[in-house]
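Everything on this sheet refers to the single structure shown next.
Protein chains in written order, with this note's numbering: chain A, 54 to 165; chain B, 54 to 165.
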């Protein structure tokens, strides 16, 4: 991203880049779900157990939203019984280091 | 942040680091306000003009929240009439490159 792009973003809060960024990061469970899938794909039931404090309704809604945003993909395996797993898309893998890096922000502000 | 810290964060969504990170980034206007103050301190009236689509109530609320989080500081100048400006704290300046970097996320996902 060059300086010119930065200027455009900074001068328009409704800029699609800012909106898209916030859509992906914000939401109590989004980063958490992404991090849980950073090492391997997971079935819904596994994710349900890994995110114990979330209601079923909210987890399904967040997974759907992340799929719609292009962050996650559902992969169906032709097995009996059928197996469906959630995994990160290629784009999500591309930005994963940045997503992990932003944790430094919280860390910096927690230090007294 | 070492691998161990990452593991801790990724295994607990209520981890204060994750919560603090989201508090700072999330909120439609927070990143926008931070970027507006990245080059110089601004008076309330200037910010009001720079963020034209926000209601006065919400802008004041967001500025207060960012001050409480330690992202912004209010500086009072002993002038007549008194001058008060908002500016980034030292910690905010420290993480500014990361805050700017996360725009790459939205950019990546907007590319078809």
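Ideal Cβ positions, reconstructed from N, Cα and C, are used throughout, including at glycine.
As the structure is a prediction and not an experimental result, all values here were calculated from the model.
- In this structure the region 102-118 of chain A does not lie against the region 149-159 of chain A, because fewer than three pairs of beta carbons, one per stretch, are closer than 8 Å.
- The DSSP-derived three-state label of residue 80/A is coil.
- In this structure the region 119-136 of chain B does not touch the region 127-137 of chain A; the number of beta carbon pairs closer than 8 Å is below three.
- Taking 8 Å as the cut-off, the beta carbon of residue 78/B is found closer than this to the beta carbon of residue 78/A.
- Around the CB of residue 121/A, fewer than 16 other CB atoms lie within 10 Å, so the residue is classed as exposed.
- Among the residues facing chain A, residue 99/B is not included, as its CB has no counterpart in that chain under 8 Å away.
- Under the Cβ criterion (8 Å, minimum of three pairs), the region 140-149 of chain B counts as touching the region 86-103 of chain B.
- For the region 127-156 of chain A, residues whose beta-carbon sits nearer than 8 Å to a beta-carbon of chain B comprise 144, 147, 148, 151, 152, 153, 154, 155 and 156.
- Residue contact with chain B for residue 70/A: present (Cβ-Cβ distance below 8 Å to some residue of chain B).
- The beta carbon of residue 163/B sits closer than 8 Å to some beta carbon of chain A.
- The DSSP assignment places complete alpha helix (DSSP H) segments of no fewer than 4 residues inside the region 101-165 of chain A at 109-121, 143-154 and 156-163, in order along the chain.
- At a C-beta separation below 7 Å, residue 110/B has no neighbours in chain A, since its nearest C-beta there lies roughly 17 Å away.
- C-alpha of residue 81/B to C-alpha of residue 131/A: approximately 42 Å in a straight line.
- Think of a sphere of 7 Å around the beta carbon of residue 84/A: the chain B residues whose beta carbon falls inside it are 71, in chain order.
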